[in-house]
Amino acid sequence: MSRRTIVIGDLHGCYDEAVELLGKVGATSSDRIIFAGDLVDRGPKRRECVELAMRHEAILGNHEEKHLQQRHRADERLHPDHLETRRVLQPGHYDWMAQLPRYLRLPEHNAIVVHAGLLPDIPVEKQDPYHLLHAQCIRPPAAKSYWPSKAPEGWTFWTHHWKGPERIIFGHTVFDAPLVTEHAVGIDTGCVYGRSLTAVVLPTWELVSVPARNTYRGGKDVARIPVHGDVSVFS
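With the first letter of the sequence shown counted as 1, position 203 gets the number 203 in full-length UniProt numbering; the numbers rise by one all the way through.
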């Protein structure tokens, strides 16, 4: 069997599901395993998720970025959930997060892994780092992004605008099912919210999921907002 690349969506502390998912895809030492960011916060096993990713590869998510930005902030100035993460991480974990790339090219698959998204017609090397970690609804050429629930009329999810040439694998936005288009695959299916953890396996582009073992964090069943085809986001 040729070497596979397995890209896994946002963990947010869902370590047990990550281990189960790796077992379900039959991951071996010859596979390349990449985590698409947001390893920490919200879920129960944050340190374990970081240490799992440290044994493989990962890109920076907006939650890792936030922890790096407030690394030296006083405890009393942190959000309680971020404080919980700080209490289980060690300096070495922060040092590892600080060297994470914002994207990974997979030229053998004509793919790029980013955490959130891209603006169209801009090479990934020249993208605003903010959009790599946050992009959702856009209206080119405006260099701005909105949450789907707050997007003005005419602003649509970035996957409507990205026409390649690379196919983008991304997380960040919680979908009710994987979002699959010709040029993008979204794999954050809301494990921490009691839904599922999803991976895409290359070169076949097979999608594999395992159900969440619990609802670790509520608040994502308030509304479903269609974003692309029959796929909706939770808001």
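A virtual CB, placed ideally from N, CA and C, is assigned to each residue, including glycine. Owing to the predicted nature of the structure, the values given are computational and were not obtained by experimental measurement.
Exercise for review: Return the chain-ordered list of same chain residues with a C-beta closer than 8 Å to the C-beta of residue 71, the five sequence neighbours on each side being excluded.
Suggested key: 94
Practice item. Go through the segment 21-53 residue by residue and report every complete run of the beta strand (DSSP E) that reaches 3 residues or more, in order. Key: 32-35
Point to revise | When 44, 184 and 179 are compared against residue 110, the one with the closest alpha-carbon | key: 184
Review point. By DSSP, does residue 129 sit in helix, in strand, or in coil?
Key: helix
Check your understanding: How far does the beta strand (DSSP E) with residue 105 in it reach, from first residue to last?
Key -> 103-106
Check your understanding: Can you check whether the CB of residue 135 is closer than 8 Å to the CB of residue 158?
Key -> yes
Exercise for review: Kindly indicate the opening and closing residues of the beta strand (DSSP E) around residue 211.
Suggested key: 206-211
Review point. By Cβ distance, which residues of its chain are closer than 6 Å to residue 40, with the 5 residues on each side in sequence left out?
Key: 46, 63 and 85
Check your understanding: Are the CB atoms of residue 194 and residue 10 nearer to each other than 8 Å?
Key -> no
Practice item. Look at residue 210 and residue 21 and say whether their C-beta atoms are less than 8 Å apart. Key: yes
Check your understanding: In angstroms, rounded to a whole number, what distance separates the CA positions of residue 92 and residue 79?
Key -> 22 Å
Point to revise | Inside the segment 86-172 only - alpha helix (DSSP H) runs reaching at least 4 residues | key: 91-98 and 129-134
Point to revise | residue 18 - DSSP class collapsed to helix/strand/coil | key: helix
Practice item. Give a yes or no on contact between the segment 222-232 and the segment 26-43, applying the rule of three or more CB pairs nearer than 8 Å. Key: no
Check your understanding: If you draw a straight line from the C-alpha of residue 202 to the C-alpha of residue 167, how long is it?
Key -> 12 Å
Review point. Among residues of its own chain, excluding the 5 on either side of residue 129, which ones have a beta-carbon nearer than 7 Å to its beta-carbon?
Key: 102
Point to revise | residue 177 versus residue 189 - alpha carbon distance | key: 6 Å
Exercise for review: Express the C-alpha separation of residue 48 and residue 97 in angstroms, rounding to a whole number.
Suggested key: 14 Å
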